[in-house]
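Undergrad:
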Amino acid sequence: PPFALPPDQLLKQVMHKNMASKRRSDTQQTQSDTSYTNTSRKRKRKRGTEKKLYCLDCGKSFTEQSNLRRHQRIHTGEKPYRCSECGTSFTHSGNLKSHQLIHTGEKPYLCSECGKSFNRQANLREHQRIHTGEKPYHCSECGKSFSVQNTLQKHQRIHTGEKPYYCSECGKNFTEQGHLDQHQLIHTGEKPYLCSDCGKSFNRQANLREHQLIHTGEKPYLCSECGLSFTVQSNLKTHQRIHTGEKPYYCSECGRSFSFNQQSSLIRHQQTHKVEKLCHCSECGRSFNRQSSLERHQLIHAGIRPYFCSECENSFNFLSHLRTHQRVHTGEKPYHCLECGTSFNQQSSLKRHQRIHTGEKPYHCLDCGTSFNQQSTLKTHQRTHTGAKPYHCSECGKSFTSQSNFQKHQRIHTGEKPYHCSECGRSFNLHFNLQQHQRIHTGEKPYYCSDCGKSFRHSYAMKVHKCTRSSGGNKQDKSVIVTHSGNSGLQGTSFLP
Numbered sequence: 018p019p020f021a022l023p024p025d026q027l028l029k030q031v032m033h034k035n036m037a038s039k040r041r042s043d044t045q046q047t048q049s050d051t052s053y054t055n056t057s058r059k060r061k062r063k064r065g066t067e068k069k070l071y072c073l074d075c076g077k078s079f080t081e082q083s084n085l086r087r088h089q090r091i092h093t094g095e096k097p098y099r100c101s102e103c104g105t106s107f108t109h110s111g112n113l114k115s116h117q118l119i120h121t122g123e124k125p126y127l128c129s130e131c132g133k134s135f136n137r138q139a140n141l142r143e144h145q146r147i148h149t150g151e152k153p154y155h156c157s158e159c160g161k162s163f164s165v166q167n168t169l170q171k172h173q174r175i176h177t178g179e180k181p182y183y184c185s186e187c188g189k190n191f192t193e194q195g196h197l198d199q200h201q202l203i204h205t206g207e208k209p210y211l212c213s214d215c216g217k218s219f220n221r222q223a224n225l226r227e228h229q230l231i232h233t234g235e236k237p238y239l240c241s242e243c244g245l246s247f248t249v250q251s252n253l254k255t256h257q258r259i260h261t262g263e264k265p266y267y268c269s270e271c272g273r274s275f276s277f278n279q280q281s282s283l284i285r286h287q288q289t290h291k292v293e294k295l296c297h298c299s300e301c302g303r304s305f306n307r308q309s310s311l312e313r314h315q316l317i318h319a320g321i322r323p324y325f326c327s328e329c330e331n332s333f334n335f336l337s338h339l340r341t342h343q344r345v346h347t348g349e350k351p352y353h354c355l356e357c358g359t360s361f362n363q364q365s366s367l368k369r370h371q372r373i374h375t376g377e378k379p380y381h382c383l384d385c386g387t388s389f390n391q392q393s394t395l396k397t398h399q400r401t402h403t404g405a406k407p408y409h410c411s412e413c414g415k416s417f418t419s420q421s422n423f424q425k426h427q428r429i430h431t432g433e434k435p436y437h438c439s440e441c442g443r444s445f446n447l448h449f450n451l452q453q454h455q456r457i458h459t460g461e462k463p464y465y466c467s468d469c470g471k472s473f474r475h476s477y478a479m480k481v482h483k484c485t486r487s488s489g490g491n492k493q494d495k496s497v498i499v500t501h502s503g504n505s506g507l508q509g510t511s512f513l514p
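Note that this note's numbering numbers the sequence shown so that position 205 is 222, with each residue one more than the last.
#1: Put arginine 322 into one of helix, strand or coil per three-state DSSP.
#2: Would you tell me roughly how many angstroms separate the C-alpha atoms of threonine 516 and phenylalanine 191, rounded to the nearest one?
#3: Quick one, which of Ser365, Lys124, Ser101 has its alpha-carbon nearest leucine 113's?
#4: Looking at the unbroken alpha helix (DSSP H) that takes in alanine 223, where does it start and where does it end?
#5: Run through the segment 169-221 for me and flag every whole alpha helix (DSSP H) of 4 or more residues, listed as ranges in chain order.
#6: Which residues mark the beginning and the end of the alpha helix (DSSP H) in which lysine 425 is found?
#7: Can you give me the C-alpha to C-alpha distance between valine 165 and aspartate 198, rounded to a whole angstrom?
#8: On the CB-based measure, 16 or more other CB atoms within 10 Å of its CB, does glutamate 123 come out buried or exposed?
#9: Please state whether the Cβ-Cβ distance between threonine 387 and lysine 406 is less than 8 Å.
#10: If you reduce the DSSP assignment to three classes, tell me which class serine 251 lands in.
#11: Going by other Cβ atoms of all chains shown within 10 Å of its Cβ, with 16 needed for buried, is threonine 149 buried or exposed?
#12: Where does cysteine 75 sit, in a helix, a strand or coil, going by DSSP?
#13: Tell me the residue span of the alpha helix (DSSP H) that contains cysteine 484.
#14: Please classify valine 345 as buried or exposed, where buried requires at least 16 neighbouring CB atoms within 10 angstroms.
#15: Give me whichever residues DSSP pairs with cysteine 296 in a beta bridge.
#16: Taking DSSP as the reference, what is the three-state secondary structure of arginine 273?
#17: Note the first and the last residue of the continuous alpha helix (DSSP H) segment covering glycine 94.
#18: Please state the DSSP three-state secondary structure of leucine 127.
#19: Pull up the distance between the alpha-carbon of glutamate 349 and that of serine 365, whole angstroms please.
#20: Grouping DSSP H, G and I as helix and E and B as strand, with all else coil, what is leucine 451?
#21: Would you report the Cα separation of proline 209 and leucine 202, rounded to the nearest angstrom?
#22: To which residues of the same chain is glutamate 193 closer than 7 Å at the C-beta, ignoring the five residues directly before and after it?
#23: With a cut-off of 8 Å on the beta carbons, I'd call histidine 458 and glutamate 440 a contact; round off their distance for me.
#24: Under a Cβ-count criterion, where at least 16 other Cβ atoms within 10 Å of its own Cβ denotes burial, should leucine 158 be classed as buried or exposed?
#25: Anyone know if the C-beta pair for glutamine 453 and cysteine 438 falls short of 8 Å?
#26: Alpha carbon to alpha carbon, how far is glycine 470 from phenylalanine 129? Give it in angstroms, no decimals.
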């Protein structure tokens, strides 16, 4: 190895090389050449190939004394260049000059592609790779490429498992300093990023930027397949899997793949492989992986509800359920949709809502393959295969597959009409009927006849119109249709053209 010599021999060797180099340099200076240009070229060639000066600490060689001196500051820790603004010190004057641009706000390095400016040339070079697509840094483990070396180094910690940044509060470790800094805001409760539009504060600048898109209405992430746009890039990526069919989340047990990873599809599936559950409930036979989970569950059978709401005296088995309930009284809705700004008092409600924007349907029917965005909708659908109708009307004995249909039906018996028209005060038992009625006031006629262009308030009115046209205006046909309309609660022939 090149540096295996003892320190005293290495020192002698380096001093000998430096002295020999000095003698050669003195000899060259005394020689008189007839051509100044030729001599200059020779010196440049020698300067490019000959390494004269050696670092006594690591043996690295340099052609110039000034470069050697700068290099030696790595070993000595010397930082002679100090910023008068903030006191930060640097080993090189060039680094100090670059740093001082932070205080002056000067950004002299401009990207010719997009006009973005930078205070360091190195930052500009890294940025330009976005436009060129260049990714020169490759991971030897998985082959993934990166445009910035620092990003590669962070990525490699996934393979090594290294988490060098440690939280002194809770002992949690992180792969990046930035992640630790963000995490520590949980302990301090600090939310330094404030929205100037609504006053809401955030503990991450990225969250503030995403939130502000709600106020601007900007949706910069566009799906090239269907034209849908999104406020958040992650929502676009999730949505695009509908078109690509990509299923990047794999079950290590059976190899089954899933499109989405909302802490739901894959995780729920993996539970089916966990056959061994050590803790069993003697009441209902349900099994749990942990004793604490079993004990919490047994509170349900014991009827113990130790957590009371001070507002309404409702009681709960679990503290988390009480906290969620209390938001009913406080009106707190801490979970916000970044796409449309709708707020929710439960995180699970937000996740369900977000599937409207992403198009995610993680619940699949094993009988017919139909997918749904809510588990409750899947359960209702599965009753079409089983024929189960668990909701029974005590008044007339009719049964229903879904609770919502059962509740709507009960209004026939109770006479309840909870949907009121703000224009005329008329009430309806179904929201759909109210919407239909309101078109009388708005004049909206959304249903068009493709043959003659005539428009109608209701879809059935358009169907009546098309039937009369196809029958050549036969009166008998009309009367049959009118009779049907009358049974539907419509008034006479008011919807006929």
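Just so it is clear, CB atoms sit at the ideal spot from N, CA and C, and this is done for glycine as well.
TA: Based on what the coordinates show:
#1: For this step, residue 322 is matched to residue 305 along the sequence shown. The answer is coil: DSSP assigns arginine 322 none of H, G, I, E or B.
#2: Within the shown structure, residues of the chain are numbered from 18 to 514, placing residue 516 beyond reach of any answer.
#3: Residue numbering aside, residue 113 sits at position 96 when the sequence shown is read from its first letter. Of the candidates Ser365, Lys124, Ser101, the one whose C-alpha sits nearest the C-alpha of leucine 113 is Ser101.
#4: Translated into positions along the sequence shown, residue 223 becomes position 206. Alanine 223: member of the alpha helix (DSSP H) spanning 222-233, first to last residue.
#5: The DSSP assignment places complete alpha helix (DSSP H) segments of no fewer than 4 residues inside the segment 169-221 at 194-205, in order along the chain.
#6: Numbered from its first residue, the sequence shown carries residue 425 at position 408. It spans 420-431 - the alpha helix (DSSP H) in which lysine 425 sits, taken as one unbroken run.
#7: For the purposes of this step, residue 165 is taken as the residue at position 148 of the sequence shown. For the purposes of this step, residue 198 is taken as the residue at position 181 of the sequence shown. For valine 165 and aspartate 198, the distance between alpha carbons rounds to 22 Å.
#8: Here residue 123 is taken as the residue at index 106 of the sequence shown, counted from 1. It counts as exposed.
#9: Here the question's residue 387 lines up with position 370 in the sequence shown. Here the question's residue 406 lines up with position 389 in the sequence shown. No, the pair does not count as a contact, with Cβ atoms beyond the cut-off.
#10: Here residue 251 refers to the residue found at position 234 when the sequence shown is read from its first residue. DSSP places serine 251 in helix when its eight states are reduced to three.
#11: On the sequence shown, position 132 is the one that residue 149 refers to. By the neighbour-count criterion, in which 16 or more other beta carbons inside 10 Å mark a residue as buried, threonine 149 falls on the exposed side.
#12: Position 58 of the sequence shown, counted from the first residue, corresponds to residue 75. Three-state DSSP puts cysteine 75 in coil, outside helix and strand.
#13: Locating residue 484 in the sequence shown gives position 467, where the first residue counts as 1. That run of the alpha helix (DSSP H) goes 476-487.
#14: Residue mapping note: residue 345 aligns to position 328 of the sequence shown, counting from 1. With fewer than 16 other Cβ atoms within 10 Å, it is exposed.
#15: Taking the sequence shown and counting its residues from 1, the one referred to as residue 296 is at position 279. Answer is Phe305.
#16: Within the sequence shown, residue 273 is the residue found at index 256, counting from 1. If DSSP states are grouped into helix, strand and coil, arginine 273 belongs with coil.
#17: Here the question's residue 94 lines up with position 77 in the sequence shown. It is not in any alpha helix (DSSP H) - glycine 94 carries neither H nor E in the DSSP assignment.
#18: As a first step, residue 127 is located in the sequence shown; it is residue number 110 there, counting from the start. Leucine 127: strand per DSSP, three-state reduction.
#19: The sequence position of residue 349 within the sequence shown is 332, counting from 1. The sequence position of residue 365 within the sequence shown is 348, counting from 1. Taking the CA atoms as reference points, glutamate 349 sits about 15 Å from serine 365.
#20: Locating residue 451 in the sequence shown gives position 434, counting from the first residue. Note: leucine 451 maps to helix in three-state DSSP.
#21: Indexing the sequence shown from 1 puts residue 209 at position 192. Indexing the sequence shown from 1 puts residue 202 at position 185. Rounded to the nearest angstrom, the two C-alpha atoms are 9 Å apart.
#22: Here residue 193 corresponds to residue number 176 of the sequence shown, with the count starting at 1. Within the same chain, Lys171, Tyr182 come within 7 Å of glutamate 193 by CB-CB distance, once the 5 residues on both sides are set aside.
#23: Here residue 458 corresponds to residue number 441 of the sequence shown, with the count starting at 1. Here residue 440 corresponds to residue number 423 of the sequence shown, with the count starting at 1. So it is a contact: roughly 4 Å between Cβ atoms.
#24: Position 141 of the sequence shown holds residue 158. Leucine is not the amino acid found at residue 158; the sequence shown has glutamate there. With fewer than 16 Cβ atoms within 10 Å of its Cβ, glutamate 158 is classed as exposed.
#25: Stepping through the sequence shown from its first residue, residue 453 is reached at position 436. Stepping through the sequence shown from its first residue, residue 438 is reached at position 421. It is not a contact, given that the beta carbons lie outside the stated cut-off.
#26: For the purposes of this step, residue 129 is taken as residue 112 along the sequence shown, with counting starting at 1. For the purposes of this step, residue 470 is taken as residue 453 along the sequence shown, with counting starting at 1. Checking the sequence, you will find serine at residue 129 rather than phenylalanine. Just so you know, the alpha carbons of serine 129 and glycine 470 end up roughly 53 Å apart.
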